[in-house]
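Following: one structure in structure tokens, then a few remarks.
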Amino acid sequence: MSMNAFHARSRRPHSKPGQTRKAVERPQGRQRADALLVARALAPSRSRARQLIEAGSVHADGMLVTRPGQLLPEGVVLAVVVE
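The numbering of the sequence shown is UniProt numbering, which starts it at 1 and goes up by one.
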């Protein structure tokens with residue numbers, strides 16, 4: 001057995017004939033909650049933004065943000081409440 005068998009593939013496998021791939025696109029004008037907190041300087045990093053979200057400290061338009069990867073519209077009003 002060659003050593004290459006133990007290493008991950010370097011490229012994606014080819015599609016089978018008749019099979020198509022779909023690209024999953026992010027909805028226009030939406031951004032991850034953690035990235036939006038960093039972009040607006042409400043958190044110094046995405047990891048800190050994740051901690052704030054998981055602690056229940058982040059609200060978007062008055063609604064609790066529960067997941068760091070939640071897609072939010074770019075014009076959303078964000079509030080960070082730290083006790």
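For glycine and all other residues, C-beta sits at the position ideal for the given N, C-alpha and C.
Boundaries (first-last residue) of the alpha helix (DSSP H) holding residue i
i	result
R30	Segment R30 to R32 is the beta strand (DSSP E) holding R30; no alpha helix (DSSP H) there.
L52	R46 to E54
Near the ligand SAH: residue i beta-carbon under 7 Å from a heavy atom
i	result
L72	With respect to the ligand SAH, the structure offers nothing, as it holds no ligand at all.
Residue i, buried or exposed, once every other Cβ within 10 Å from all chains shown has been counted against 16
i	result
L64	exposed
R40	exposed
A79	exposed
D34	buried
Check whether residue i and residue j have beta carbons under 8 Å apart
i	j	result
V81	S57	yes
Q28	L72	no
A43	L52	yes
Residue(s) in a DSSP beta bridge with residue i
i	result
P73	R30
First through last residue of the beta strand (DSSP E) which encompasses residue i
i	result
V58	V58 to A60
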